[in-house]
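**Student:**
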Amino acid sequence: MDNYTTLFEPTASVLEKEDKGFVVASVGAEGGYIPYTVYSDRKSYIEQNPEIFQSFTNTIYKAMLWVEDHSAEEVAKSLAPHFPDADLVILTNVVERYRSIEAWAPNPVLTVAGLNRLQDIMTEADELDKIVPHSAIVNTEFAKKVME
Numbered sequence: 001m002d003n004y005t006t007l008f009e010p011t012a013s014v015l016e017k018e019d020k021g022f023v024v025a026s027v028g029a030e031g032g033y034i035p036y037t038v039y040s041d042r043k044s045y046i047e048q049n050p051e052i053f054q055s056f057t058n059t060i061y062k063a064m065l066w067v068e069d070h071s072a073e074e075v076a077k078s079l080a081p082h083f084p085d086a087d088l089v090i091l092t093n094v095v096e097r098y099r100s101i102e103a104w105a106p107n108p109v110l111t112v113a114g115l116n117r118l119q120d121i122m123t124e125a126d127e128l129d130k131i132v133p134h135s136a137i138v139n140t141e142f143a144k145k146v147m148e
């Protein structure tokens with residue numbers, strides 16, 4: 001019997017190293033860009049606390065730039081405390097793999113295409129009844145401001 005699963009890294013690579021499985025394909029590479037990290041809240045809360053959202057966005061973008069500007073090994077070393085079951089070689093390979101498939105967004109702006117792709121997946125999984133327009137649910141002002 002063939003068994004398969006979808007796993008986040010570095011779990012997939014750890015299982016592969018332990019000869020408990022092997023990586024067949026990358027969902028990210030095969031499925032295309034999907035915005036994964038977003039922050040959501042009520043519009044009223046965002047309007048009452050813009051400094052919280054700007055600070056959060058600034059921090060995310062700073063981290064994005066740091067990852068972009070550092071070697072795979074440096075990024076892996078910073079990740080290591082959060083993944084104690086994965087050695088530095090695995091983490092470095094994961095960073096290189098993610099870079100090679102452009103898994104990380106180039107900036108913090110949630111695009112119309114990115115949101116539509118995410119909503120398509122949610123609709124196909126019966127988690128979303130209908131597509132919601134980008135302009136109705138996305139606020140890009142904080143992301144655009146941090147990139148100025």
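Residue 75 in UniProt numbering sits at position 75 of the sequence shown, with consecutive numbering throughout.
Cβ atoms here follow ideal geometry from the backbone N, Cα and C, with glycine treated the same way.
No experiment lies behind these values; they were computed from the predicted model shown.
1) Cα separation between K77 and S71?
2) Does the separation of the CB atoms of H134 and V109 fall below 8 angstroms?
3) Helix, strand or coil for residue 166? Go by DSSP, reduced to three states.
4) Is the distance from the Cβ of P10 to the Cβ of I101 below 8 angstroms?
5) Considering only residues of the same chain and omitting the five flanking positions on each side of residue 149, which have a CB-CB separation below 8 angstroms?
6) Considering just the uninterrupted stretch of the alpha helix (DSSP H) at S78, what are its terminal residues?
7) Where V67 and V75 are concerned, what is the direct C-alpha to C-alpha distance, given to the nearest angstrom?
8) In three-state terms, what does DSSP make of G32?
9) Take the Cβ of R42 as the centre, count every other Cβ of all protein chains shown within 10 Å, and call the residue buried at 16 or more, exposed below.
10) Which of helix, strand or coil does DSSP assign to T5?
11) Alpha carbon to alpha carbon, how far is T57 from A125?
12) Let's see if you can read the secondary structure: which residues bound the alpha helix (DSSP H) around H134?
13) Inspect the beta-carbon positions of Y61 and V146 and report whether they are closer than 8 angstroms.
14) Reducing DSSP to helix, strand and coil, say where D69 ends up.
**Tutor:** Result, derived from the coordinates:
1) By one-based count along the sequence shown, residue 77 stands at place 77. By one-based count along the sequence shown, residue 71 stands at place 71. Rounded to the nearest angstrom, the two C-alpha atoms are 10 angstroms apart.
2) The sequence position of residue 134 within the sequence shown is 134, counting from 1. The sequence position of residue 109 within the sequence shown is 109, counting from 1. No, they are not a contact pair.
3) Here the chain comprises residues numbered 1 to 148, so residue 166 is not present and cannot be evaluated.
4) One-based indexing of the sequence shown puts residue 10 at position 10. One-based indexing of the sequence shown puts residue 101 at position 101. P10 is not a Cβ neighbour of I101, given a cutoff of 8 angstroms.
5) The requested residue 149 does not occur in the structure, where the chain is confined to residues 1 to 148.
6) As a working mapping, residue 78 is identified with position 78 in the sequence shown. It spans A72 to L79 - the alpha helix (DSSP H) in which S78 sits, taken as one unbroken run.
7) Residue 67 sits at position 67 when you count from the first residue of the sequence shown. Residue 75 sits at position 75 when you count from the first residue of the sequence shown. C-alpha separation (whole angstroms): 6 angstroms.
8) Walking along the sequence shown from the start, residue 32 turns up at place 32. In the three-state reduction of the DSSP assignment, G32 falls in the coil class, being assigned neither a helical nor a strand state.
9) Against the sequence shown, residue 42 aligns to sequence position 42. Exposed, because fewer than 16 other Cβ atoms sit within 10 Å of the Cβ of R42.
10) If you number the sequence shown from 1, residue 5 lands on position 5. In the structure shown, T5 sits in coil (DSSP, three-state: anything other than H, G, I, E or B).
11) Mapped onto the sequence shown, residue 57 falls at position 57. Mapped onto the sequence shown, residue 125 falls at position 125. Spanning the two alpha carbons is a distance of roughly 29 angstroms.
12) In the sequence shown, the residue the question calls residue 134 occupies position 134. Start and end: H134 to I137.
13) Working through the sequence shown from its first residue, we reach residue 61 at position 61. Working through the sequence shown from its first residue, we reach residue 146 at position 146. Yes, the Cβ-Cβ distance between Y61 and V146 is below 8 angstroms.
14) For the purposes of this step, residue 69 is taken as the residue at position 69 of the sequence shown. DSSP places D69 in helix when its eight states are reduced to three.
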